[in-house]
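Visitor: Below you'll find the structure I mean.
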Amino acid sequence: MNLFKKKNYIPIGSSSQYKRPMHPEAQPDADSPMIPDGLWVKCRHCSGTIYKKEMDAYQLCPKCGGHFRIGAKERISITCDEGSFEELDAKMKAKNPMGYPDYEGVLNKAREKSGILDGVITGLCSIGGYRCVIAVMDSNFMMGSMGSVVGEKITRAIEKSTELGLPVIIFTTSGGARMQEGIISLMQMAKTAAAVRKHSDAGLLYVTVITDPTTGGVSASFASLGDIIIAEPKAIIGFAGRRVIEGTINEKLPEDFQSAEFQLEHGFIDKIVDRREMKKTLAAILRLHRTKEADKK
Amino acid sequence: MSKASEILFNSRKVSRPSSLDCIGKIFEDFIELHGDRCFADDCAIVGGIASLEGMPVTVIGIQKGHTVAENVARRFGSPNPDGYRKVIRLMKQAEKFHRPVVEFINTSGAYPGKGAEERGQGEAIARCLYESAGIKTPIISIFIGEGGSGGAIAMAAGDRVWMLENGMYAVLSPEGFASILWRDPSRSGEAAELMKITAEDLLANGVIDKIIPEAREGIENNVEYTTDIIRKNLISELVILCAKPVDELLKERYQRFRKYGEFEE
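In order, the protein sequences belong to chains A and B. Here numbering that gives the first Met the number 0 is used: the first residue of the first sequence is 0, the next is one more, and so on. Here numbering that gives the first Met the number 0 is used: the first residue of the second sequence is 0, the next is one more, and so on.
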């Protein structure tokens, strides 16, 4: 059955791909060409091969300007004023409420890969001199899935901003609810949405920045509830997965289906903002919503 | 069959009473109200006003059919965004006229369709959760069959959540779970066991507040047994909830969902 045999390509290592650990007794084959892991990445927008060191802190494709996914720490460093970020709930870690087989192993791998303890980093910061609470999700950690820790940290961040009378900005990226924690993951949707409601009832500003990808339970809770919803170019935003929909309706979906541009056209986001302009845009929005209380903090 | 897989099977039986069957037996003078005032009337969700021992109530339910034709018309009980927007409209109407809301849930999940995405399925569910958190009137949700994921929790974010003995509620379908974990959707029975989807499991971890029993001969053979119990429970619980000051009601509703989460710090 050579018909289905894969061709031999030279693999390009990518930090976003899970790497199978090499057997300790296996020797790398000296004859087969190899490119060291992490030096080259492929752009999903133009399919170009990018030398990683050519990319700056914004993680854009130097050929087409396409936005690569960016880790939470890197996002914070390009968004918050230097030295202003104070992390909240830095030590919160997941448990295994459902007794899911080897959940601890999955978590440890994700921690190693992403360098963070779970799918979101939250904290207080200033952007362009304006104080706010910020939460940044990270797709490197189990595709930003929402379990107890993500739900709790997001909820506490929103509650903190309600308490301090501050705006809250949430950068979302998530495949949805985390199935390994079962029904408790689903409950985080109601929990976070209720926290947004309280914050909103207090007359405070909530800005969501939707980044690639934001789907499932996160798109169906806090991600869709911002007073102002910004998206990054070409980000995939939707509730159901493309393949599930194609399987249900039995037809092929257009290329741009569920893209940020598609959502803008259908009226579900306010604005698409290039990553290089994001900080400036957020600062301008914060300035227009400035309150005397927030200025004092 | 294991207990959980048996319940999973029962929860999906076509002969199980639908939301309209329950509404007809529990309430008097049901008047169905249609449409979301935005785009469409979603037949997968029914709603309206009715009387419960003289008390006006708003009732809403996700509607599956008993026949293939009815199921096709009602999308097998998988709502579109228009359905969730109808829920929001009817909840706000209930708030205006100070009548409690009773919701019946029976869905494998929100509909994964092209139009559903174009009209913002995620936003519709999110808005349903957001509005449920602030509606100034009591909300009681009852799982009468399947409770699948985001499409179910959209209507289960109120003051009390009850479940029929053979109901289930899960973050994703046991088939989906089995195909992710073992790459084999046919092992859904095992998955159901692991996922803790039964009323007993959900009562134990505080996701639901009460289990409504079903007749021994099968719910389809004696619907009244169950609907009588629902009716009695609704009457006594709504008296308690309606007597609460609104601030207290909303505070307790917030706490009800605030508590979920297991983590260490």
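In this text, a Cβ means the ideal position worked out from N, Cα and C, and glycines have one as well.
From the DSSP output, read off the bridge partner residues of H66 of chain A.
Guide: A:L59
Visitor: Which one of B:G205, B:K95, B:S185 has the shortest CA to CA distance from V160 of chain B?
Guide: B:G205
Visitor: State the Cα-Cα distance for the pair A239 of chain A and A151 of chain B, rounded to the nearest angstrom.
Guide: 14 Å
Visitor: Let me know the secondary structure DSSP gives F142 of chain B once reduced to three states.
Guide: strand
Visitor: Between the C-alpha atoms of E111 of chain A and I133 of chain A, what's the straight-line distance to the nearest angstrom?
Guide: E111 of chain A and I133 of chain A: Cα-Cα distance of roughly 24 Å.
Visitor: When burial is assigned at 16 or more other CB atoms within 10 Å of the CB, is P96 of chain A buried or exposed?
Guide: Around the CB of P96 of chain A, 16 or more other CB atoms lie within 10 Å, so the residue is classed as buried.
Visitor: In angstroms, rounded to a whole number, what distance separates the CA positions of I169 of chain A and L281 of chain A?
Guide: When rounded, the distance between both Cα atoms is 11 Å.
Visitor: Just the C-alpha distance for G147 of chain B and M162 of chain B, rounded to the nearest angstrom, thanks.
Guide: 13 Å
Visitor: Nearest-angstrom Cα distance between K18 of chain A and I59 of chain B?
Guide: Any reading at K18 of chain A is ruled out, since the residue's pLDDT is 47, under 50, leaving its predicted position unreliable.
Visitor: Within 8 Å (strictly less), CB to CB, does Q58 of chain A reach chain D?
Guide: This model lacks chain D altogether, as its protein chains are A and B.
Visitor: Pick out the complete alpha helix (DSSP H) segments inside the stretch 170 to 226 of chain A, 4 residues or longer, and give them in chain order.
Guide: 182 to 200, 215 to 218
Visitor: Taking the beta strand (DSSP E) that L233 of chain B falls in, what are its first and last residues?
Guide: No beta strand (DSSP E) contains L233 of chain B, which is instead part of the alpha helix (DSSP H) from 222 to 242.
Visitor: For N220 of chain B, is the classification buried or exposed, using 16 other Cβ atoms within 10 angstroms of its Cβ as the cut-off for buried?
Guide: exposed
Visitor: If contact is defined by three or more beta carbon pairs under 8 Å, each pair taking one atom from either stretch, is the stretch 259 to 272 of chain A in contact with the stretch 222 to 232 of chain A?
Guide: yes
Visitor: Who are the near neighbours of C42 of chain B in its chain, counting only those whose CB is closer than 8 Å to its CB and skipping five residues on each side?
Guide: Q62, A72, R73, R74
Visitor: From this set, A:C124, A:E180, A:E245, which residue's C-alpha is nearest V105 of chain A's C-alpha?
Guide: A:E180
Visitor: Looking at chain B, is there any beta carbon in it that lies within less than 8 Å of the beta carbon of V243 of chain A?
Guide: yes
Visitor: Give the residues from the stretch 57 to 76 of chain A that approach chain B closer than 7 Å (Cβ to any Cβ), ordered along the chain.
Guide: Taking 7 Å as the Cβ-Cβ cut-off, the stretch 57 to 76 of chain A has no residue approaching chain B.
Visitor: If distances are taken between C-alpha atoms only, which option among B:L128, B:I141, B:W181, B:I179 comes closest to G166 of chain B?
Guide: B:I141
Visitor: Please report how far the alpha carbon of M141 of chain A lies from the alpha carbon of G121 of chain B, in whole angstroms.
Guide: 21 Å
Visitor: Taking 7 Å as the cut-off, is the CB of I239 of chain B close to at least one heavy atom of the ligand SAM?
Guide: Summarising the ligand content, the structure contains no ligands, and the ligand SAM is consequently not present.
Visitor: If you draw a straight line from the C-alpha of G143 of chain A to the C-alpha of V45 of chain B, how long is it?
Guide: 35 Å
Visitor: Is T290 of chain A buried or exposed, if buried means 16 or more other CB atoms sit within 10 Å of its CB?
Guide: exposed
Visitor: Using a cut-off of 8 Å between C-beta atoms, extract the partners of I152 of chain B located in chain A.
Guide: Result: L185, M186, M188, A189.
Visitor: On the DSSP letters alone, give me the boundaries of the alpha helix (DSSP H) that C21 of chain B sits inside.
Guide: Note, C21 of chain B: alpha helix (DSSP H), 18 to 25.
Visitor: Pull up the DSSP beta-bridge partners for W181 of chain B, would you.
Guide: The partner list for W181 of chain B (beta bridge, DSSP) is empty, contrary to what the question assumes.
Visitor: Give me, in chain order, the residues of the same chain whose beta-carbon lies closer than 6 Å to that of A190 of chain B; leave out the 5 immediate sequence neighbours on both sides.
Guide: P173, F176, A177
Visitor: Rounded to whole angstroms, what is the Cα-Cα separation between N9 of chain B and R15 of chain B?
Guide: In a straight line, the C-alpha of N9 of chain B is about 8 Å away from that of R15 of chain B.
Visitor: Of all Cβ atoms in chain B, is any one closer than 8 Å to the Cβ of G372 of chain A?
Guide: With chain A running from 0 to 296 in the structure shown, residue 372 of chain A is simply not present.
Visitor: Using the C-alpha atoms, what's the distance from N105 of chain B back to S17 of chain B?
Guide: 8 Å
Visitor: Could you please tell me which residues of the stretch 120 to 154 of chain A, in chain order, have their CB closer than 8 Å to any CB of chain B?
Guide: S147, V148, G150, E151, T154
Visitor: If you draw a straight line from the alpha carbon of A156 of chain B to that of A132 of chain B, how long is it in whole angstroms?
Guide: One Cα belongs to A156 of chain B, the other to A132 of chain B, and the distance between them is close to 7 Å.
Visitor: When DSSP labels each residue in this structure, what does D200 of chain B get in the three-state scheme?
Guide: helix
Visitor: If you scan the stretch 41 to 127 of chain A from start to end, which runs of the beta strand (DSSP E) of 3 or more residues do you find wholly inside it?
Guide: Uninterrupted beta strand (DSSP E) stretches at least 3 residues long and entirely within the stretch 41 to 127 of chain A occur at 48 to 50, 85 to 87, 119 to 126, given in chain order.
Visitor: Counting only the same chain and skipping the five closest in sequence on each side, list residues whose C-beta sits under 7 Å from that of I284 of chain A.
Guide: V206, I227
Visitor: Does the beta carbon of R230 of chain B sit closer than 8 Å to a beta carbon anywhere in chain A?
Guide: no
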